[in-house]
Amino acid sequence: MKITARLCNVLGFIALFVLSARIVPPVWLTQRQADALFEFTQNIGVDYGDFYLACMILMHLTIATCAFVVIKLLAKWIVRQRA
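Quick note, the sequence shown lines up with residues 141 to 223 if you use our numbering.
This is the structure in structure tokens:
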């Protein structure tokens with residue numbers, strides 16, 4: 141039973157991540173922000189596109205994590221209210 145619950149948690153988190161990527165649009169940078177980000181990536185020796193993509197993935201992971209925690213806490217609260 142625990143394996144099924146953990147699998148549902150993992151699949152639920154993946155679904156939230158995909159939903160976040162579909163719903164939340166990418167962050168559009170102003171020219172000044174893009175120039176600063178480009179200069180930063182040049183200084184640390186990373187490709188600009190890869191770094192921007194990694195930042196967007198991190199943003200979607202953060203959104204999915206927050207939504208997952210809220211859903212779990214809400215489910216726990218509902219179970220306690222029914223008891």
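Here a beta-carbon is modelled for each residue, glycine too, at the ideal position from N, C-alpha and C. No experiment lies behind these values; they were computed from the predicted model shown.
Continuous alpha helix (DSSP H) stretch holding residue i: start and end
| i | result |
| --- | --- |
| A223 | Per DSSP, A223 belongs to no alpha helix (DSSP H) and is neither H nor E. |
C-alpha distance - residue i paired with residue j, whole-angstrom precision
| i | j | result |
| --- | --- | --- |
| L169 | F178 | 11 Å |
| H200 | R222 | 33 Å |
| R220 | L213 | 11 Å |
| V186 | F180 | 9 Å |
| D224 | V158 | In the structure displayed, the chain extends from 141 to 223; residue 224 sits before or after that span and is not available. |
Per-residue DSSP class, three states only, for residue i
| i | result |
| --- | --- |
| L169 | coil |
| V164 | coil |
| D175 | helix |
| V219 | helix |
Checklist entry - Is the stretch 149-160 touching the stretch 193-211, taking contact as three or more C-beta pairs under 8 Å? => result yes
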